[in-house]
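Residue 230 in UniProt numbering sits at position 230 of the sequence shown, with consecutive numbering throughout. Glycine included, C-beta positions come from ideal geometry on N, C-alpha and C. Quick notes on the structure that follows.
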Amino acid sequence: MSDLTELGLSSYEEQAYRALLTLGPATAQQVSETSDVPKGRVYDVLNALAARDLVEVRAGAEPRQYAAADPDEAVDRLLDERRADLRDERARYEQLAADVSAELSTAVPSESRFWPIPLGSEDAVAGMGEQFDAAEASLLSVVAAPYEGAALEAYRDEIDAYADLVRTGLEVKLLTTPALIDRTPSDQLARAVADAPDFAVRTTTGINLTYDVLDRDAVYLSVPTPFTDGERLGAVLVRDDDLADRLEGRFREAWAAAEPVEPAVAGDD
Numbered sequence: 001m002s003d004l005t006e007l008g009l010s011s012y013e014e015q016a017y018r019a020l021l022t023l024g025p026a027t028a029q030q031v032s033e034t035s036d037v038p039k040g041r042v043y044d045v046l047n048a049l050a051a052r053d054l055v056e057v058r059a060g061a062e063p064r065q066y067a068a069a070d071p072d073e074a075v076d077r078l079l080d081e082r083r084a085d086l087r088d089e090r091a092r093y094e095q096l097a098a099d100v101s102a103e104l105s106t107a108v109p110s111e112s113r114f115w116p117i118p119l120g121s122e123d124a125v126a127g128m129g130e131q132f133d134a135a136e137a138s139l140l141s142v143v144a145a146p147y148e149g150a151a152l153e154a155y156r157d158e159i160d161a162y163a164d165l166v167r168t169g170l171e172v173k174l175l176t177t178p179a180l181i182d183r184t185p186s187d188q189l190a191r192a193v194a195d196a197p198d199f200a201v202r203t204t205t206g207i208n209l210t211y212d213v214l215d216r217d218a219v220y221l222s223v224p225t226p227f228t229d230g231e232r233l234g235a236v237l238v239r240d241d242d243l244a245d246r247l248e249g250r251f252r253e254a255w256a257a258a259e260p261v262e263p264a265v266a267g268d269d
């Protein structure tokens, strides 16, 4: 393969172009005789070169004559064409890769993990610390059952840990029920809000599940103990972008309609 064919000319097109460079303005018959382009193909070849501005057609003469474009200009045009072809090819492969990636991703099951964590246990406090460590942008928490059915002392250590872990630079929102706020120590909430301006608490009714959404990427679901009010069987971590996105969307809808809590009057010890 010659350099010109690598730049996009067929072998006949290259031969015709080189013949015109040698001949100067010439007829199709002269081009055919000088090159190896058959007489039955030479007109198609010359017209193809003309369509790409590599050959000038001089229609005023009889028979019609053809002249080669300036070699530097011709090479620049061929190079521009190849660049455009490569851009199109790259875009096609990038789109193909994106389509294949999306197709393969749907076949991968969501990652999930379960572990037993009783309310107020050391494991519960440690798990909360892991959540805050893992969160980079946001930690959105909905708190209801099984906490509503439990005594404050059963999960006080979790409240203490939560208040200590809230930090500046991380969006932390706590959506819970009025009943739970009424018995939550107000000084802890006030301290957390003072230490972290991005932390806020609101209340609403109709919450039936406790869960946390981290960075629209992971969801922690609290699993109450069946048939026993106020106890937790454990927690499930689910890494699924679609689930996290849906639950975050529901959270923000409920948050917009919820009642803000003033920490100074959040509850009594």
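query: Sequence ranges, beta strand (DSSP E) only - wholly within the UniProt domain "Transcription regulator TrmB N-terminal" (4 to 71), length at least 3; result: 55 to 58 and 65 to 68
query: Exposed unless 16 or more other CB atoms sit within 10 angstroms - verdict on THR176; result: buried
query: Rounded straight-line distance, which links the Cα of ASP215 to that of GLU136; result: 7 Å
query: Contacts around GLN30, its chain only, beta-carbon distance under 7 Å, and the 5 residues preceding and following it disregarded; result: LEU23
query: Inter-residue CB distance, GLY230 and GLY149 (contact presumed, cutoff 8 Å); result: 3 Å
query: Rounded C-alpha distance that separates ARG18 from ARG64; result: 18 Å
query: Coil, strand or helix - residue 348 by DSSP; result: Because residue 348 is not part of the residues shown, which for the chain are 1 to 269, the question remains open.
query: At least 3 beta-carbon pairs within less than 8 Å: the stretch 85 to 103 vs the stretch 187 to 203; result: no
query: CB contact flag (ASP212, LEU140, <8 Å); result: yes
query: Own chain partners of THR34 with C-beta closer than 7 Å, once the 5 adjacent residues on each side are dropped; result: ALA19, THR22 and LEU23
query: Assigned exposure category for GLU14 - 16 Cβ within 10 Å defines buried; result: buried
query: Spatial neighbours of ASP3 in its chain, beta-carbon cut-off 7 Å, leaving aside the 5 residues before and after; result: none
query: Segment limits, beta strand (DSSP E) that includes SER222; result: 218 to 224
query: Boundaries (first-last residue) of the alpha helix (DSSP H) holding ASP182; result: 178 to 182
query: C-beta atoms of VAL57 and TYR66 nearer than 8 Å; result: yes
query: CB of LEU180 within 8 Å of CB of TYR147, strictly; result: yes
query: Which of helix, strand or coil DSSP assigns to PHE227; result: coil
query: Nearest-angstrom Cα separation, counted from GLU122 out to ASP240; result: 27 Å
query: CB contact flag (ILE117, ALA235, <8 Å); result: yes
query: Nearest neighbour of THR168, chosen from ALA68, GLY8, ARG252 and PHE132 [CA to CA]; result: PHE132
query: Endpoints, alpha helix (DSSP H) assigned at SER186; result: 186 to 195
query: For ARG250 and VAL142, the rounded distance between their alpha carbons; result: 11 Å
query: Contacting residues, own chain, Cβ-Cβ under 6 Å from ALA145 (five flanking each side not counted); result: PRO224
query: Residue(s) in a DSSP beta bridge with ALA200; result: LYS173
query: DSSP-derived helix/strand/coil call for LEU165; result: helix
query: Proximity below 8 Å, CB of residue 308 to CB of THR210; result: The structure shown does not extend to residue 308, since the chain spans only 1 to 269, so no value can be given for it.
query: For ASP212, three-class secondary structure by DSSP; result: strand
query: 8 Å Cβ cutoff met for residue 290 and ALA68; result: Because the chain is modelled from 1 through 269, residue 290 falls outside the range shown and cannot be assessed.
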